[in-house]
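I have placed the structure first, in the form of structure tokens, so that the comments after it can refer back to it.
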Amino acid sequence: MATPDNAPRSIERMFRMFETLRSTPDGMTLAEVSAELGTPKSSTLRLLRVLTQAEYLIHAPPRYTLGPAIFRFAAGLMAVREFPTLIRPCMQRLQEMTQETIYVAVLDTDEKAAKYLDVLESPQPIRYSVQAGTSRPLYCSSAGRLLLAYQSKAWIDGYLETTKLRPITAKTLVSVRELRQELKRIRYEGLATSFGEAVPGAAGIAAPIFDRDGTLKAALMVGGPEDRMTLRMKDYVPALVAAADDASSLLGHKPTVRRKA
1 MATPDNAPRS IERMFRMFET LRSTPDGMTL AEVSAELGTP KSSTLRLLRV
51 LTQAEYLIHA PPRYTLGPAI FRFAAGLMAV REFPTLIRPC MQRLQEMTQE
101 TIYVAVLDTD EKAAKYLDVL ESPQPIRYSV QAGTSRPLYC SSAGRLLLAY
151 QSKAWIDGYL ETTKLRPITA KTLVSVRELR QELKRIRYEG LATSFGEAVP
201 GAAGIAAPIF DRDGTLKAAL MVGGPEDRMT LRMKDYVPAL VAAADDASSL
251 LGHKPTVRRK A
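Sequence positions in the sequence shown follow UniProt numbering and run 1 to 261.
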């Protein structure tokens, strides 16, 4: 097992090995990997065994080739990079219909927050303005609540046990019991709202984007001044739901029943 002193060197060797195997489709033997890395066969074998067990490599004696886990990892990275570009036409159509700020957010599991991946700002002089990369709490923002509602019961319980629901504005919901009820409603209706709870005077509505497996991928939102959002809510919701469904379709999702707007 690598110690803190030699761990960086082990990581470097691992990536060098991945690079070498990437350009060697037929794979390499233990002796070849050892020679390429300049390491003893004993330590090279330990590394190969760990990576094989984790499916980052496949061992078809006597050769090692890249395994399914490394390709899943690479596909995940590409999906993160390409996702905003893929659904941007859906965001643009939604903005044309609403003339409000449109943004998409994903769950940041480290910060336990909703992080905005992409933003199309409203052309109107009075608008909700936010930058891509901004984070919002899960418990009080429309995107956050939607992302939270679709997590497992264990994840939600853990979040509520470790997160203090502090009032960000005078309207912020800080009751755990009421928040749990709201999350159930969101999961049932497929729509989350926040009116002046995360940002004073601003409101947002969010709908889910699902991937081909039916797993929540992101939240698509319409945001604007609270008074205007209140007046136009009935118009915005159907447009938002349709845009979120279109984005889900681009990811290969095929809903059995279309959600009611």
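Quick reminder that beta carbons are idealized off the backbone N, C-alpha and C, glycines included. All values derive from a computational prediction rather than experimental measurement.
- Counting other Cβ atoms within 10 Å of its Cβ, E161 stays below 16 and is therefore classed as exposed.
- Rounded to the nearest angstrom, the gap between the Cα atoms of A74 and G67 is 11 Å.
- Beta-bridge pairing by DSSP links M91 to no other residue.
- Out of S135, P123 and Q131, the CA that lies nearest to the CA of E111 is found in S135.
- In its chain, beyond the 5 residues on either side, no residue has a beta carbon closer than 6 Å to the beta carbon of V199.
- With a 10 Å radius around the Cβ and a threshold of 16 neighbouring Cβ atoms, Q95 comes out buried.
- Around the beta-carbon of I186, 16 or more other beta-carbon atoms lie within 10 Å, marking it buried.
- Here F195 is bridged, per DSSP, to A203.
- By a beta-carbon distance limit of 8 Å, T101 contacts G224. Their separation comes to about 6 Å.
- Counting only the Cα atoms, Q99 lies some 7 Å from Q124.
- A direct Cα-to-Cα measurement between K171 and G158 gives close to 24 Å.
- Given a length threshold of 3 residues, the region 222-249 has no whole run of the beta strand (DSSP E) inside it.
- Counting C-beta pairs closer than 8 Å gives fewer than three between the region 229-237 and the region 129-146, which falls short of the contact rule.
- Inclusion of A154 and I209 in the CB contact set at 7 Å is not warranted, their separation being larger than that value.
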